[in-house]
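Engineer:
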Amino acid sequence: MTIVQYLLENGAHVNEEGREYGNPLQAASSQGHSNIVQLLLNYGADVNAQGGLYGNAFQAASSQGHLNVVHLLYQHGADINAQGGQYGNALQAASFKNHENIVQLLLEHGADINAKGGLYGNALQAASHNGHETIVQLLLENRADMNAQGGFYGNALQAASSQGHEDIAQLLLEKGADVNMQGEDYGSALQAASSKGHTETVQILLENGADVNMQGGAYGTALQAASSQGHEDNVQLLLEKGAE
């Protein structure tokens, strides 16, 4: 008999709320303890209970890459599109953490690929920010909206550009991302890349029609962004392309 089983048999509340993980099911799911997850479910744990760092048990398992627990929770009625937690939903969590097998599973079972919420706004922006090109490709193949607005960076192209992921920026542009879309603190993808000193990304954006003098964002223009951060190569490149 496990300690968990002993506690449950002696009156412990299976859906007790509180602390970092919100409830016992989320705690067990986040650590991949499938036997304990099954035990808690047998004792009536609410599979969709909200709360805690991950919002719910399903997002916790998805975030940490525990495929067997994801399967188990889904079989017991977990809401695949449940909102909550820092990543907004399970698909964004798995995309952010580069768990390709879980992303594929979620998409096969009807996850909303463009669901909004969480720190990065949507799954595509999360994967783009972290440089997970295979996940980005998978999401695009399943019709993710590459111009979806929201999240910390405003859109996927700006997220990729801010981190210098030029291959992902190129991929998004090839799939139709709006190179001049405005959004959040950096104003545009060009300003984001310029402020961080990502010269190759700046070059790619300019070659794909980025407006070198677009106004907006915290720095006003890409040239001001590059200048304020001391990125001389970017300043020179922008000036050569007509920055004012």
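So in the UniProt record's numbering, spot 121 of the sequence shown is number 121, and the numbers just go up one at a time.
Heads up, the beta-carbon is just placed ideally off N, CA and C, and yes, glycines get one too.
Model, not experiment: these values are computed from the prediction.
Going by alpha carbons, who is nearest to Leu-124 out of Ala-160, Glu-166, His-198 and Glu-108?
Structural biologist: On the sequence shown, position 124 is the one that residue 124 refers to. When only C-alpha atoms are compared, the closest one is Ala-160.
Engineer: CB of Glu-100 to nearest heavy atom of the ligand MN: below 7 Å?
Structural biologist: Ligands in the displayed structure: none, and consequently the ligand MN is not present.
Engineer: Can you tell me the Cα-Cα spacing of Glu-141 and Met-214, whole angstroms?
Structural biologist: By 1-based counting over the sequence shown, the position of residue 141 is 141. By 1-based counting over the sequence shown, the position of residue 214 is 214. When rounded, the distance between both Cα atoms is 31 Å.
Engineer: Using only the alpha-carbon positions, how far apart do Ala-144 and Leu-25 sit?
Structural biologist: Sequence index remark: in the sequence shown, residue 144 carries index 144 (1-based). Sequence index remark: in the sequence shown, residue 25 carries index 25 (1-based). Computed Cα separation, rounded: 31 Å.
Engineer: Exposed or buried, which one is Gln-236 when buried takes at least 16 other CB atoms within 10 Å?
Structural biologist: For this step, residue 236 is matched to residue 236 along the sequence shown. It is exposed - the Cβ of Gln-236 has fewer than 16 other Cβ atoms within 10 Å.
Engineer: Looking only at its chain, what residues have a beta carbon closer than 7 Å to the beta carbon of His-13, apart from the 5 residues adjacent to it on each side?
Structural biologist: Here residue 13 is taken as the residue at index 13 of the sequence shown, counted from 1. Excluding residues within five positions, none has a Cβ falling inside 7 Å.
Engineer: From which residue to which residue does the alpha helix (DSSP H) around Ala-189 run?
Structural biologist: Against the sequence shown, residue 189 aligns to sequence position 189. That run of the alpha helix (DSSP H) goes 189-196.
Engineer: What are the partner residues of Gly-154, as DSSP defines its beta bridges?
Structural biologist: Within the sequence shown, residue 154 is the residue found at index 154, counting from 1. Answer is Gly-150, bridged to Gly-154.
Engineer: Rounded to whole angstroms, what is the Cα-Cα separation between Gln-83 and Gly-164?
Structural biologist: One-based indexing of the sequence shown puts residue 83 at position 83. One-based indexing of the sequence shown puts residue 164 at position 164. Looking at the two C-alpha atoms, the distance is approximately 30 Å.
Engineer: How about Ser-162 and Ala-126: do their beta carbons lie closer than 8 Å?
Structural biologist: Position 162 of the sequence shown, counting from 1, holds the residue named residue 162. Position 126 of the sequence shown, counting from 1, holds the residue named residue 126. Contact flag unset, no.
Engineer: Per the DSSP calculation, Gly-88 is bridged to which residue(s)?
Structural biologist: Taking the sequence shown and counting its residues from 1, one reaches residue 88 at position 88. Per DSSP, none; premise fails for Gly-88.
Engineer: Which residues does DSSP pair with Gly-117 in a beta bridge?
Structural biologist: Residue numbering aside, residue 117 sits at position 117 when the sequence shown is read from its first letter. Bridge partners of Gly-117: none, in fact.
Engineer: Below 8 Å between beta carbons: does that hold for Val-202 and Ser-194?
Structural biologist: By one-based count along the sequence shown, residue 202 stands at place 202. By one-based count along the sequence shown, residue 194 stands at place 194. For Val-202 and Ser-194, yes; Cβs fall inside 8 Å.
Engineer: In the DSSP assignment, what are the bridge partners of Gly-183?
Structural biologist: Residue mapping note: residue 183 aligns to position 183 of the sequence shown, counting from 1. Bridge partners of Gly-183 according to DSSP: Gly-187.
Engineer: Quick check: the Cα distance between Tyr-21 and Ala-27, rounded to an integer number of angstroms?
Structural biologist: Reading the sequence shown from its first residue, position 21 is the one you call residue 21. Reading the sequence shown from its first residue, position 27 is the one you call residue 27. When rounded, the distance between both Cα atoms is 5 Å.
Engineer: Are the CB atoms of Asn-114 and Leu-148 within a distance shorter than 8 Å?
Structural biologist: Within the sequence shown, residue 148 is the residue found at index 148, counting from 1. Within the sequence shown, residue 114 is the residue found at index 114, counting from 1. Note on residue identity: the sequence assigns Ala, not Leu, to residue 148. Yes, the Cβ-Cβ distance between Ala-148 and Asn-114 is below 8 Å.
Engineer: Which residue from Ser-188, Asn-180 and Ile-204 puts its Cα closest to that of Ile-168?
Structural biologist: What you label residue 168 is simply residue 168 of the sequence shown in a count that begins at 1. Ranking the options by Cα distance to Ile-168, first place goes to Ile-204.
Engineer: Measuring CA to CA, which of Ala-192, Leu-106 and Gly-151 is closest to Thr-221?
Structural biologist: The sequence position of residue 221 within the sequence shown is 221, counting from 1. Selected option, being the one with the closest Cα: Ala-192.
Engineer: Do Gln-92 and Gly-118 have their beta-carbon atoms positioned less than 8 Å apart in this structure?
Structural biologist: Taking the sequence shown and counting its residues from 1, the one referred to as residue 118 is at position 118. Taking the sequence shown and counting its residues from 1, the one referred to as residue 92 is at position 92. Cβ atoms of Gly-118 and Gln-92: closer than 8 Å.
Engineer: Verify whether the separation of the beta carbon atoms of Val-179 and Ala-218 is less than 8 Å.
Structural biologist: Working through the sequence shown from its first residue, we reach residue 179 at position 179. Working through the sequence shown from its first residue, we reach residue 218 at position 218. No, the pair does not count as a contact, with Cβ atoms beyond the cut-off.
Engineer: Contact check, Ser-30 vs Val-37 under 8 Å by CB: the rounded distance?
Structural biologist: Counting from 1 along the sequence shown, the entry for residue 30 is found at position 30. Counting from 1 along the sequence shown, the entry for residue 37 is found at position 37. The Cβ separation is near 10 Å, so there is no contact.
Engineer: Over what stretch of residues does the alpha helix (DSSP H) that includes residue 248 continue unbroken?
Structural biologist: No answer is possible for residue 248: it lies beyond the span of the chain, which begins at 1 and ends at 244.
Engineer: Spatial neighbours of Leu-39 within its chain, please: CB distance less than 8 Å, with the 5 preceding and 5 following residues excluded, ordered by chain position.
Structural biologist: Here residue 39 is taken as the residue at index 39 of the sequence shown, counted from 1. Excluding positions up to five away in sequence, the list reads Thr-2, Val-4, Gln-5 and Leu-8.
Engineer: Of all the options Lys-116, Asn-68 and Leu-173, which has the alpha carbon lying nearest to the alpha carbon of Asn-101?
Structural biologist: Counting from one through the sequence shown, the residue named residue 101 turns up at place 101. Cα-wise, what sits closest to Asn-101 is Asn-68.
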